[in-house]
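One structure below.
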Amino acid sequence: MHHTESSSIRQVKALVWEYVGRVWWGQLLGLVGVIGFASIIYGVFTLEYELSFRDSEVGKFLHFGFYWATLCFLGAPILAAWGAPQRRYTLPMSSFLTVVCPMVCSMASMFALYAVAATTLNLLFEAGWPIWGPGLVAAFLVGWIQAVLWSTSNSQVLQMVSCLASFGVVLFGVVTYVSPGQPATGWFHAGLTPLHVVVFGLASLLCVGVGTYGFANLRCGGGLEVQRIADWVSRIFSKSARAKPFSSPTAAQFWLEWTERGYVMPLGIAIIGSLALFFTFVFSPALVKHGDAIEFINVFSAIILTPVLVVGIYMGARSEDGGFGNFNGSRPLSDSQIANALLKSTTVSVLSSVFVWAIVLGIVSLMSGLASSTLSLPNAIELLIGSIRLLGIAALGIGAVWGAVTLIASLVLAGKKELNVAVGTVIALFIVGGIGPRFLLSSEAQDSFQFVFGWACIVLPLVLVVAAYVASWRLNLISRHTLVLAAAIVGTMFVGGHVCYGFTSDLGPTLAALWICCLAPASLAAAPLAVWWNRHR
Amino acid sequence: MSEVIVEFDRLSRSFGKEQALSDVTLRFERGLVHGLVGENGAGKTTLIRHILGLLKAKQGSVRVFQFDPVRYPKEVLGRIGYLSEDRDLPDWMTVVQLMRYSQAFYGGWDETFAEQLRDQFELDPMQQIKKLSRGQRARAGLLMALAHRPDLLILDEPSSGLDPVVRRDILSAIIRSVADEGRTVLFSSHLLEEVQRVADRVVLLHHGRVGLNGPLPEILLEHIRLVLRFDVPQQTQPDLPGVISWQGAGREWTVLCNGGVEELRTAASNCGAQIVDEGTPTLDEIFLARASS
Amino acid sequence: MQIRISNSDGIPIYRQIVNQVKYLVAAGRLTAGDQLLPVRSLAEQLVVNPNTVARAYRELESSGVITSRQGSGAFVSVNGSPLAKSEKRKLLQDRVDLLLAEADSLDVDVATVVKLVRDRSRSLKSE
């Protein structure tokens, strides 16, 4: 008896040691990134507007916005650290222990990281970030996603659908209950109560139960036969593949990019959107009143935008080790052709996602219009101006999102080491700009430092974009067409942004919009450069 | 003088502190089967990646069809059929999807020939690549490399981990390629028995340097395996000129030498030894002797 | 035309082909006027490089064992070339050497060996 006991403990220790070894670097980077990024924003708010965040609406709103970014940046390395569960099938450990140990580690790390981030920001800026409510929810979410992933690891399709479905349900819960202005926000922001403990305990048991059952099932070869259905569906689609040959090599490459990765984003948004909508309408139809609908859209959109970075990473990744891979690298295509196929696929992906998203919004608006009893019709001109403004926002907004996604994809395309360097530099900048001054400089020095740093943050990206274009041009990676396209993008976005702000003489927002517009087409030059760099080492 | 398909001129390449290639100068001529041999980590894959433009020539130069493969990927890669060591193929595609995709890139793609190969290799067109067994996967990769009748066929460790039936398929494909209109083949392999069957010329890489380079029959004939019988049992290997490797104990020793038999005979008799057996070594023996020196 | 290639002796493949064709001719399994497999077919059958087979054929042709006619292929030489006879002799000589070495190691004298050869020849002929 004694012998078995100590061997279990040894096994647990080994698993924990493996986890720490794999994950500490990613967690550290994530933590520093979150704190640094938040510090900059809070720093700016503190200095410019002299707001107090604790217990204020602004504070709650900011916290809610950052919360999702925090979950992504901290949750990603944790979930990635354990790798594929199949590796552990043949370990001489019970399924229960094999599932519980990682889950406890993940949940504990998530809570600890969030707590550290929150405490740091509270100390530095009195940001008013609550610890227990969001921390426990975050821990639960990580545990749940891990349980879902491990229970469906036999089928990529099932994994994706389950995660998206979970995300959709969570979104519904968040929007309905804990977003600013909702009834349960208080619970989110309160200290630790017995209710917290009970709910969290039950939720954790759910995670453990689902995870253990799923893992044990897959371990002995069971598992839902969804893969067969997915295969059958894909066979139907590939029957059309026999039809006609591709018109050109670039058409073939675009097909590869789209079929491999491009379709995921619009499909994901469609699934998340429909599920969240379904649950909202079924369980909280009262939410869809006119005013609430607008807030619903705002919150929903903010949350959807956070994973944009993740999508960018997904689009750009070529192979496990970040290298180009033997197959992709040996295509008889020039570097710019490969980059353009990727950009085209990402563009179609972003635009179709926006289209799907617009449909979701349309449904919400329609429902709210129908549900609302006191709807006064605005006059025609107001409506017209409103629509034009909406298009303007759309041009600027979509352009900005497209620019961000494609730029991140280009960075990932450049290679793992290069990506780490870029991320590390940005995080270092966050530290320097956000946290450093508070500790090292006096208030006057802080002011001038913020001034210089602020201008540097504005000018440096522009300089980098110009440099990228110059380098690509000299390497013959871009042509006149590219430059024309870039100019068109900048022009459309700027006009759209100007329209959206109305014809005022407000210089500040106009310049900000111009800045975003000029950065947006960065990927047109960055992507071919990244391919040229990574493909020929 | 045959056309030169691939030319390396004093190519050197290091990865950090590790020197992968040192001063490699080679020419691969059209219409021949070139065997590239060397122990693991000798630089074979590094050399191949330079041909494909996946590595830039930092010191020295590479020319394929007289082009720099980094600057002209389309022109160079469009005439090359490549089977990588890790059989890198898009896992999610089916066989027929991969064929349709590959067809778009190569002008010389022969649909009938591709179908014929697919049938011969017994590949189910609707089967996903990730579900294929190792041998099937190698066959699929080989199909994609052969179907467009490339001017240069590059196979990196084509036989590793494969059963004899698939290995035979691969060798037959190599032979047919060369027999048809004299295309060029470059293949790296550990299975020296196969290299010996099929190669016209052999290049041996050892720690990134070219150890041997020449027509295979000449290489084989240049090396001689001798058995020496000493009058007195030897504790250590005696020092004799031209000997590449020693094996044995006591009075009888097997040596491999690179030509110069007469000098060896004289030196041996001075040491009190007689040559009791003589023969031609296999490529395997030459390789092992060179690799351990 | 059954030829076997072995990789373990260290004899170059083209040499093995040359030797085996000479053996087949000498043993009468290939007679004058028989057509040899074309280079490509033999290469595919043996799974060896066609250039190797071509070289073997060239050497056979230069030693007179085969003749090649443009467009039709390679054929065994019509007049049993004198070399074929010397090949026969060398072949048997090798076997005799082996037999004698074996007998020596078994401590059997030459006269007994010769008697054995005659006895076996008689009994084989009467079958």
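Chains as they are written, first to last, in my numbering: chain P, 1 to 537; chain G, 538 to 830; chain S, 831 to 957. Note that CB positions come from ideal geometry on N, CA and C, so glycine has one too. Bear in mind that the values here come from a model prediction, so they are computed numbers and not experimental data.
Check	Outcome
Reference Phe-658/G, options Arg-705/G, Lys-667/G and Gly-644/G, closest by Cα	Arg-705/G
Buried/exposed call for Ala-862/S, threshold 16 Cβ in 10 Å	exposed
Proximal residues of chain G, C-beta to C-beta of Arg-899/S below 7 Å	Result: empty, since nearest Cβ-Cβ is about 20 Å, beyond 7 Å.
Terminal residues of the beta strand (DSSP E) in which His-536/P lies	Unbroken run through His-536/P: none, as it is neither H nor E.
Three-way DSSP call (helix, strand, coil) for Arg-948/S in this model	helix
Closer than 9 Å at the beta carbon, the chain G residues around Pro-332/P	Pro-610, Lys-611, Glu-612, Val-613, Leu-614, Gly-615, Arg-616, Ile-617, Phe-642 and Tyr-643
Anticipated Cβ contact below 8 Å, Leu-753/G with Gln-733/G, distance rounded	7 Å
Residues that Thr-915/G bridges to, as DSSP identifies them	This structure does not reach residue 915/G, given that chain G is present from 538 up to 830, and the question cannot be answered.
Whether Ile-408/P touches Gly-316/P by CB criterion (9 Å)	yes
First and last residue of the uninterrupted beta strand (DSSP E) at Asp-700/G	Neither: Asp-700/G is in no beta strand (DSSP E) and is coded neither H nor E.
Selection from Ile-431/P, Ala-404/P, Asn-476/P and Asn-420/P that minimises the alpha carbon distance to Cys-518/P	Ala-404/P
Euclidean distance between Cα positions of Glu-889/S and Glu-759/G	20 Å
Below-9 Å beta-carbon distance, Ile-847/S vs any chain G residue	no
Exposed unless 16 or more other CB atoms sit within 10 angstroms - verdict on Ser-248/P	exposed
Closer than 9 Å to chain S by CB, Ser-709/G	yes
Endpoints, alpha helix (DSSP H) assigned at Arg-833/S	With the sequence shown as reference, residue 833/S is identified as Ile, and Arg is not the correct amino acid for it. Where Ile-833/S is concerned, there is no enclosing alpha helix (DSSP H), given that its DSSP letter is neither H nor E.
Host alpha helix (DSSP H) of His-571/G (start-end)	Run containing His-571/G: none in the alpha helix (DSSP H); it sits in the beta strand (DSSP E), 570-575.
Three-state class that DSSP yields for Asp-598/G in the structure shown	Per the sequence shown, the amino acid found at residue 598/G is Ser instead of Asp. Strand, per DSSP.
Where the beta strand (DSSP E) containing Ser-559/G begins and where it ends	555-566
Candidates Thr-649/G, Asp-737/G and Gln-784/G: closest to Thr-721/G by CA position	Asp-737/G
Reference Trp-515/P; option with closest CA among Ala-530/P, Gly-399/P and Leu-475/P	Gly-399/P
Any 3 or more C-beta pairs closer than 8 Å across the stretch 712-721 of chain G and the stretch 548-564 of chain G	no
Asp-737/G: contacting residues in chain S (beta-carbon distance under 7 Å)	Asn-879 and Asn-881
CA-to-CA distance, Ile-40/P to Trp-232/P, given in whole angstroms	51 Å
Simplified DSSP state of Pro-770/G, which is helix, strand or coil	strand
Proximity test, Cβ basis, 9 Å: Ile-833/S and chain G	no
Helix, strand or coil at Phe-64/P according to DSSP, with G and I counted as helix	helix
Neighbourhood of Val-848/S by C-beta, 7 Å cutoff - its chain only, sequence neighbours within 5 removed	Ala-886, Glu-889 and Leu-890
Nearest-angstrom Cβ-Cβ length linking Arg-331/P and Gln-253/P, presumed shorter than 8 Å	7 Å
Which of helix, strand or coil DSSP assigns to Ala-520/P	coil
Where Ser-376/P sits in the DSSP three-state scheme	At Ser-376/P, the pLDDT of 48 sits below 50, so the modelled position is not reliable and the matter cannot be decided from this model.
Per-residue burial, Asn-807/G [other beta carbons within 10 Å of its own, 16 or more giving buried]	exposed
Validate contact between the stretch 23-38 of chain P and the stretch 117-124 of chain P using beta carbons, cut 8 Å, 3 pairs	yes
Residue-chain proximity (Asp-447/P, chain G), Cβ-Cβ < 9 Å	no
Pro-754/G at chain S interface by Cβ criterion, 9 Å	yes
Assumed close pair Gln-11/P, Pro-77/P - CB separation to whole angstroms, cut-off 8 Å	Gln-11/P to Pro-77/P, Cβ: 23 Å. No contact.
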